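In what follows, a structure is listed as structure tokens, so that the remarks can point back to it.
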Amino acid sequence: MRDRLLAAPVVPAPEPWQPVFASRVPVGGLLGIGFATHPDSGHDLVMVVSGDGHGLFDAVTGEEIARDRDPDPEDSTPDAVADLSCPGLGPITGSRVRIAGLFGGGLHTTTSDGWTLEVVSPAWPNDRVLLSGDGGLPHAGPHGERWWHIFHSHYSELRAAGFSPSGRTIAVATSSDISLWTRGADDNHSRSTEA
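The structure is reproduced here in structure tokens:
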């Protein structure tokens with residue numbers, strides 16, 4: 494298995510997944526990320542917490558919709574409270590967002606319609622993020638058909654990888670950047686009704 498994982502190259506995520514950004518978005522000193530939902534559009538929002546403050550991105554358009562470069566020092570990192578959350582900003586001001594990353598926590602590793610993410614480290618400390626379309630681990634089936642190696646963290650420490658609660662967004666965060674993939678709202682339903 495180790496040799497198989499080491500031999501698998503990074504490939505684009507399969508349909509219906511599309512990258513949100515043309516390349517990774519640099520975020521120096523990234524501590525963690527979390528998900529919220531935009532109250533007006535219903536889009537997934539990704540909150541990024543770093544040593545330089547907090548940012549909020551629309552996971553469909555990639556637009557940074559809010560930024561706080563100087564958050565309250567008593568509440569600016571997820572380790573400041575028991576539930577690993579930070580205060581929302583912009584359209585989600587007044588709510589709290591649970592953050593996964595350096596201080597713990599986690600994101601969803603499966604979707605309701607069978608997509609699965611797994612982080613493996615066959616050449617530790619370099620983590621690899623694997624996406625599977627059949628709800629299982631990539632132990633069977635060919636790479637590029639039943640499972641995909643979509644991210645290789647060989648240059649920075651992996652902080653978090655997972656799906657949004659809606660299952661429409663994949664996020665991978667390292668200590669230096671963030672990558673996002675998205676799919677349309679109807680893809681969850683159509684996949685589950687075909688199964």
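The opening residue of the sequence shown carries number 494 in the numbering used here; numbering runs sequentially from there. Glycine included, each C-beta is placed from N, C-alpha and C at the ideal position. Note that the structure is a prediction, hence the values are computed from the model and not measured.
Please return the same chain residues whose Cβ sits closer than 7 Å to the Cβ of LEU582, not counting the five positions on each side in sequence. These residues qualify, in order along the chain: HIS547, LEU549, ALA559, ASP561.
Whose C-beta lies closer than 7 Å to the C-beta of PRO507 among residues of the same chain, with five residues either side of it excluded? Only GLY626, TRP641 meet the Cβ criterion.
Does the Cβ of MET494 have 16 or more other Cβ atoms within 10 Å, making it buried, or fewer, making it exposed? An exposed status is given to MET494, since fewer than 16 other beta-carbon atoms sit within 10 Å of its beta-carbon.
In the DSSP assignment, what are the bridge partners of ILE526? The partner list for ILE526 (beta bridge, DSSP) reads VAL541, ALA593.
How would you write the range of the alpha helix (DSSP H) that ARG495 sits in, first residue to last? For ARG495, the enclosing alpha helix (DSSP H) has its first and last residue at 495–500.
Can you tell me whether GLU687 is buried or exposed, with buried defined as 16 or more other CB within 10 angstroms of its CB? Residue placement at GLU687 is poorly supported in this model, since its pLDDT is 43, which falls under 50; the coordinates still yield a value, given next. Per the 10 Å Cβ criterion, exposed.
Short Cβ contact (9 Å threshold) for LEU651 with ILE663: Inclusion of LEU651 and ILE663 in the CB contact set at 9 Å is not warranted, their separation being larger than that value.
In this structure, does DSSP put GLY655 in helix, strand or coil? GLY655 falls in the strand class under three-state DSSP.
Taking C-alpha atoms, which residue in ALA666, ARG676, ASP670, SER646 lies nearest to PRO502? Answer by Cα proximity: SER646.
If we ignore side chains and look at the alpha-carbon of each, how far apart do GLU567 and PRO635 end up? Taking C-alpha positions only, GLU567 is separated from PRO635 by approximately 49 Å.
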